Amino acid sequence: MLLILDSNEYIFGFGAFKKPACEMLLDIISDAFPIHSIRIPRLIAEEVGRHLTPEEFREFIGFITNLTTIDEDFVVPFELGVQYELKGLKPADAFIAAYVEWTGADALVTENRHFLTKHSNLPFKIINAKDCLSLIKSTSR
368 MLLILDSNEY IFGFGAFKKP ACEMLLDIIS DAFPIHSIRI PRLIAEEVGR HLTPEEFREF
428 IGFITNLTTI DEDFVVPFEL GVQYELKGLK PADAFIAAYV EWTGADALVT ENRHFLTKHS
488 NLPFKIINAK DCLSLIKSTS R
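Per the working numbering, the very first residue in the sequence shown carries number 368; after that it's consecutive.
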């Protein structure tokens, strides 16, 4: 399963204020790679960097480089982002939605972008870390 983890998943997994579901999700993705894989755009990597200490950020970068590379934001077709902006999303949210669609990911894992579920016909799921863990467990059987 291909997942896009929003910045808060990494912040709550590597930062000082941890959420157990986020930590567990990162561990499972690392252990189950390549069965479950991730992609990450530069925008999310930079956002994570603004919220972690240098030591935490080094750990985050090590995690990312073991599993994937950071995609430059400009590789996402501009037109795709505009389509999401026309649906009423703010530019950063439109970019994230466009990135998830562009990668063909199965889901965006986020703790705070659930407003995206109000937009019908998205080509990906929007779930939090806890629900993602349940989904991974159900597909592993």
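For every residue, glycine included, the Cβ atom is placed at its ideal position computed from N, Cα and C. Given the structure is predicted, the values throughout are model-derived calculations rather than measurements.
What is the DSSP secondary structure of residue i, reduced to helix, strand or coil?
{"i": "A332", "result": "Any question about residue 332 goes unanswered here, given that the chain covers just 368 to 508."}
{"i": "P408", "result": "strand"}
{"i": "D460", "result": "helix"}
{"i": "K454", "result": "coil"}
{"i": "K492", "result": "strand"}
{"i": "I437", "result": "strand"}
Taking the C-alpha atoms as reference points, what is the distance between residue i and residue j?
{"i": "I407", "j": "I494", "result": "16 Å"}
{"i": "L500", "j": "H486", "result": "23 Å"}
{"i": "E478", "j": "I371", "result": "12 Å"}
{"i": "I378", "j": "E422", "result": "13 Å"}
{"i": "T470", "j": "M368", "result": "12 Å"}
{"i": "I428", "j": "D440", "result": "17 Å"}
{"i": "K504", "j": "I396", "result": "12 Å"}
{"i": "P387", "j": "L447", "result": "34 Å"}
{"i": "S374", "j": "I411", "result": "5 Å"}
{"i": "V449", "j": "A474", "result": "20 Å"}
{"i": "K457", "j": "V467", "result": "15 Å"}
Leaving out the 5 sequence neighbours to the left and right, which residues in its chain are closer than 8 Å to residue i when beta-carbon positions are compared?
{"i": "T435", "result": "S404, I405, R406 and I407"}
{"i": "E376", "result": "C389, L392, L393, V476, T477, E478 and A496"}
Since I believe residue j is in contact with residue i (beta carbons under 8 Å), could you give me their beta-carbon distance rounded to a whole number of angstroms?
{"i": "F462", "j": "V443", "result": "7 Å"}
{"i": "T409", "j": "I437", "result": "In the sequence as displayed, the identity of residue 409 is Arg instead of Thr. That belief holds up - the Cβ atoms of R409 and I437 are roughly 5 Å apart, short of 8 Å."}
Any heavy atom of the ligand GTP closer than 8 Å to the beta-carbon of residue i?
{"i": "F400", "result": "The ligand GTP is absent from the structure shown, which contains no ligands of any kind."}
Specify, as a first and last residue, the run of the alpha helix (DSSP H) that residue i falls within.
{"i": "K497", "result": "A496 to T506"}
{"i": "I378", "result": "S374 to F381"}
{"i": "E422", "result": "P421 to L434"}
Residues in its own chain within less than 6 Å of residue i by CB, not counting five upstream and five downstream?
{"i": "Y451", "result": "A461, A464 and A465"}
{"i": "G380", "result": "C389, E390 and L393"}
Near residue i, what residues of its chain come up, given a Cβ to Cβ distance below 7 Å and the 5 sequence neighbours on each side ignored?
{"i": "T484", "result": "I493"}
{"i": "T420", "result": "none"}
{"i": "G382", "result": "H418, L419 and E423"}
{"i": "A472", "result": "L369, L370, I371, R406 and F491"}
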